[in-house]
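To start, the structure itself, in structure tokens.
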Amino acid sequence: MESDPTITLVDVRFPMEYRGGHIKGALLAPFTEVRSSAVAYLPRDTEIVVYCTTGARGTYACNILHKMGFKKVLNMTGGIESWRRQGFLVEK
């Protein structure tokens with residue numbers, strides 16, 4: 039997923055959380071700013087995978103993106119905590 043050009047990873051946590059470790063290649067778009075971030079730089083022609091720490095903020099962000107007309111939006115089940123538990127790497 040990290041290197042798949044058909045997927046855009048979006049980290050919707052706060053900047054401090056992102057700096058503490060994020061999935062390589064993920065764009066930062068805090069859930070409180072997801073509307074403006076989406077308009078500014080999220081592509082509409084790729085699948086968007088949103089994640090947060092455990093999934094709650096990701097669900098909120100997905101709902102907003104769907105309402106904005108983004109069709110291919112998914113919330114990463116379990117968030118970055120699940121990603122880490124499965125042994126996948128994060129970068130700082």
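Basically this note's numbering = 1-based index in the sequence shown + 38. Built from N, CA and C at the ideal position, the CB exists for glycine as well.
Could you please give the first and the last residue of the uninterrupted beta strand (DSSP E) stretch that includes residue i?
{"i": "Thr-46", "result": "45 to 49"}
{"i": "Val-111", "result": "111 to 113"}
{"i": "Val-87", "result": "85 to 89"}
Can you round the beta-carbon distance between residue i and residue j to whole angstroms, since I take them to be within the 8 Å contact cut?
{"i": "Leu-112", "j": "Glu-85", "result": "7 Å"}
{"i": "Tyr-89", "j": "Met-114", "result": "4 Å"}
{"i": "Gly-117", "j": "Thr-91", "result": "5 Å"}
{"i": "Arg-123", "j": "Ile-102", "result": "In fact, because the Cβ distance is near 27 Å, the residues do not count as touching under 8 Å."}
Evaluate residue i with the Cβ neighbour count: other Cβ atoms within 10 Å of its Cβ, from every protein chain shown; 16 or more gives buried, anything less gives exposed.
{"i": "Phe-126", "result": "exposed"}
{"i": "Tyr-56", "result": "buried"}
{"i": "Thr-46", "result": "buried"}
{"i": "Val-77", "result": "exposed"}
{"i": "His-104", "result": "exposed"}
{"i": "Ser-75", "result": "buried"}
{"i": "Val-128", "result": "exposed"}
The alpha helix (DSSP H) with residue i in it runs from where to where?
{"i": "Pro-81", "result": "Element bounds for Pro-81: n/a, residue is neither H nor E."}
{"i": "His-60", "result": "Neither: His-60 is in no alpha helix (DSSP H) and is coded neither H nor E."}
{"i": "Thr-97", "result": "94 to 105"}
{"i": "Glu-129", "result": "Run containing Glu-129: none; DSSP gives neither H nor E here."}
{"i": "Gly-125", "result": "First-last for Gly-125: undefined, no H or E at that position."}
Tell me, please, whether the region 87 to 98 touches the region 41 to 58 by the rule of three or more beta-carbon pairs shorter than 8 Å.
-> yes
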